[in-house]
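Inspection log for the structure reproduced underneath, given as structure tokens.
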Amino acid sequence: MLSDYSTLWLDEELREVKYIDQTALPGELRIKSTQNLDEMFGAIINLEVRGAPAIGVFSALSMYVLAVRIGGNNLHDFVKEYIRCSDYLQSARPTAVNLFWALNIMKKELERFTLHRFGAYLLDSRLEEIELDDELRGYIGNVLHRKAMEIYDHDIEVCRRIGENGLKIIKGGDRILTHCNAGSLCAVRYGTATAPIYLANENNMNISVYCSETRPLLQGARLTAYELRENGIKTTLLCDNMISSIMAEGRIDKVIVGCDRVAANGDTANKIGTSSLAIVAKYYNIPFYVCAPTSSIDLNIRCGDKILIEKRKEYEVTEMWYKERMAPKDIDVYNPAFDITSHELITAFITENGIAEGDFTQSLRVLVGGNENE
Ligand code: MRU
Numbered sequence: 014m015l016s017d018y019s020t021l022w023l024d025e026e027l028r029e030v031k032y033i034d035q036t037a038l039p040g041e042l043r044i045k046s047t048q049n050l051d052e053m054f055g056a057i058i059n060l061e062v063r064g065a066p067a068i069g070v071f072s073a074l075s076m077y078v079l080a081v082r083i084g085g086n087n088l089h090d091f092v093k094e095y096i097r098c099s100d101y102l103q104s105a106r107p108t109a110v111n112l113f114w115a116l117n118i119m120k121k122e123l124e125r126f127t128l129h130r131f132g133a134y135l136l137d138s139r140l141e142e143i144e145l146d147d148e149l150r151g152y153i154g155n156v157l158h159r160k161a162m163e164i165y166d167h168d169i170e171v172c173r174r175i176g177e178n179g180l181k182i183i184k185g186g187d188r189i190l191t192h193c194n195a196g197s198l199c200a201v202r203y204g205t206a207t208a209p210i211y212l213a214n215e216n217n218m219n220i221s222v223y224c225s226e227t228r229p230l231l232q233g234a235r236l237t238a239y240e241l242r243e244n245g246i247k248t249t250l251l252c253d254n255m256i257s258s259i260m261a262e263g264r265i266d267k268v269i270v271g272c273d274r275v276a277a278n279g280d281t282a283n284k285i286g287t288s289s290l291a292i293v294a295k296y297y298n299i300p301f302y303v304c305a306p307t308s309s310i311d312l313n314i315r316c317g318d319k320i321l322i323e324k325r326k327e328y329e330v331t332e333m334w335y336k337e338r339m340a341p342k343d344i345d346v347y348n349p350a351f352d353i354t355s356h357e358l359i360t361a362f363i364t365e366n367g368i369a370e371g372d373f374t375q376s377l378r379v380l381v382g383g384n385e386n387e
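Numbering (the numbering used here), first residue to last: 14 to 387.
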């Protein structure tokens, strides 16, 4: 049963990362484990682990698991290899900022250690003089373990608080539309957009959820529909092109989605299809909420057109989830994984530090200011 597991975790004894392989769902609840850089990279790029918060936490645990296995005679060699692994993982997916955020925190923690212990920044040539003995390895392992677990626990706590804050916008009997999977599978537990939904359900608020299938990779159909059903929530699946029709019939009260990166002005990158959903919601006067851990808010990016959008392989559109290829051979395919929803279409952001409304350039900055990891 899905609720028996977290999306991913650290096996302390074997010092490896374990995770639910999301490409096998909903048919099979397959648990995988890894200690290997190429496998970790593959797990992220092939969406075995996916969703902005989950890939951030996965990369932090991965860096600890890799660090305890890095060879080398001196600390400089160790740091060089650590940075190579970190940069490689970071290159797996470009849009979700959480990947960069978590890897950066882990790297800074390593630097905090080298500065405190040896008065040297990472890659300072003086680290060549320092032998990498078992005692030093032990210290570094402990430092990185502590930080990785902090990021892990932080994710659970952040999603719990997003749930509590998000509950304030939910009314009894609400019919909520969500897109892609911003559910428990996109984070360690609870998820972001689903965190208030789970709480509302626990409080017997008689809510129901509509999830759009989310072409081309079907995160809505395969993952969100599956996890909501498993958690006993009244769930209806619809194709992406049915959104206007169901809204026109007056059957949706609000939209709640997650996000991969939010620019300083509130423009939001999320799964492809989110921006058309927001445009249609605006037309029908339906409020549109984005659940965003503050780790997904990138104040370094002024507006959405500066966010790099991942383009994925053609076969995902033409064959991946079909029994056989469903489009002519050699047809040109356009397959961006995300789109940008203009801040003008967003009613509010629900973060772990509160709800941002009005002028997002101001209100998001205030909420991010409350993030201890920034
Ligand atoms: O390509 P994916 O499945 O990783 O895309 C995920 C999404 O777009 C989610 O909506 C987003 O990460 C929010 S999850 C909190």
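Ideal placement from N, C-alpha and C gives every residue a C-beta, glycine not left out.
Just so you know, the alpha carbons of E240 and I182 end up roughly 22 Å apart. With contacts defined by Cβ atoms closer than 8 Å, I143 and F131 form a contacting pair. Less than 8 Å divides the Cβ of T205 from the Cβ of A195.
Shown here for L21: same chain residues with a beta carbon closer than 8 Å to its own, the five before and five after excluded, namely V30, K31, Y32, I33, V62, A67, V70, F71, L74, V201 in chain order.
For D280, the Cβ stays outside the 7 Å cut-off from all heavy atoms of the ligand MRU. When secondary structure is reduced to three states using DSSP, V222 falls in the strand class. Ranked by Cα distance from V268, the options L27, I363, K324 are led by I363. Here DSSP, grouped into helix, strand and coil, assigns L136 to coil. No Cβ-Cβ contact shorter than 8 Å links G85 with L15. In the structure shown, I269 falls within a strand segment according to DSSP collapsed to helix, strand and coil.
Residue pairing for V30: DSSP places it in a beta bridge opposite L23, T47. Note that the C-beta distance between T354 and N278 is not below 8 Å.
In the three-state reduction of the DSSP assignment, A369 falls in the strand class, which pools E and B. Taking C-alpha positions only, M260 is separated from R28 by approximately 49 Å. For the pair of segments examined, the segment 294-303 was found to touch the segment 262-276: the number of CB pairs separated by less than 8 Å reaches three. Secondary structure note for V171: its alpha helix (DSSP H) is the uninterrupted segment 147-180. DSSP lists Y223, V268 as the beta-bridge partner residues of L190. For A294, no beta strand (DSSP E) segment is defined; the enclosing uninterrupted segment is the alpha helix (DSSP H) at 287-296. In the pairwise beta carbon analysis, the segment 183-190 is classified as not touching the segment 156-172: fewer than three pairs are separated by under 8 Å.
Taking the Cα of I44 as reference, the smallest distance to any Cα among L23, D280, V110, V222 is reached at L23. Contact between L149 and L79 does not hold, since their C-beta atoms are separated by about 17 Å, which reaches or exceeds 8 Å. Between E124 and L135, the C-beta spacing is below 8 Å. For V379, the Cβ stays outside the 7 Å cut-off from all heavy atoms of the ligand MRU. Taking a contact as a CB-CB distance under 8 Å, the pair A276 and R315 counts as one, their CB atoms being some 6 Å apart. Inclusion of Q232 in the 7 Å shell around the ligand MRU follows from its C-beta lying nearer than that to a non-hydrogen atom of the ligand.
D352 has its Cβ no nearer than 7 Å to any heavy atom of the ligand MRU. Contact holds between the segment 281-288 and the segment 334-351, because three or more Cβ pairs, one in each stretch, are under 8 Å apart. Taking C-beta atoms under 8 Å as the contact rule, L190 and I265 qualify, at a distance of about 5 Å. Counting C-beta pairs closer than 8 Å gives three or more between the segment 217-227 and the segment 248-256, which meets the contact rule. When secondary structure is reduced to three states using DSSP, A276 falls in the strand class.
For N178, the number of other beta carbons within 10 angstroms of its own is at least 16, and it is reported as buried.
Proximity of the beta carbon of N254 to the ligand MRU is not indicated: no heavy atom of the ligand is located closer than 7 Å. Taking the CA atoms as reference points, I246 sits about 8 Å from Y211. In this structure, the CA atom of L60 is about 15 Å from the CA atom of T47.
Counted as a single uninterrupted DSSP element, the beta strand (DSSP E) harbouring I353 occupies residues 351-354.
Residue side-chain check: T205 places its Cβ nearer than 7 Å to a non-hydrogen atom of the ligand MRU.
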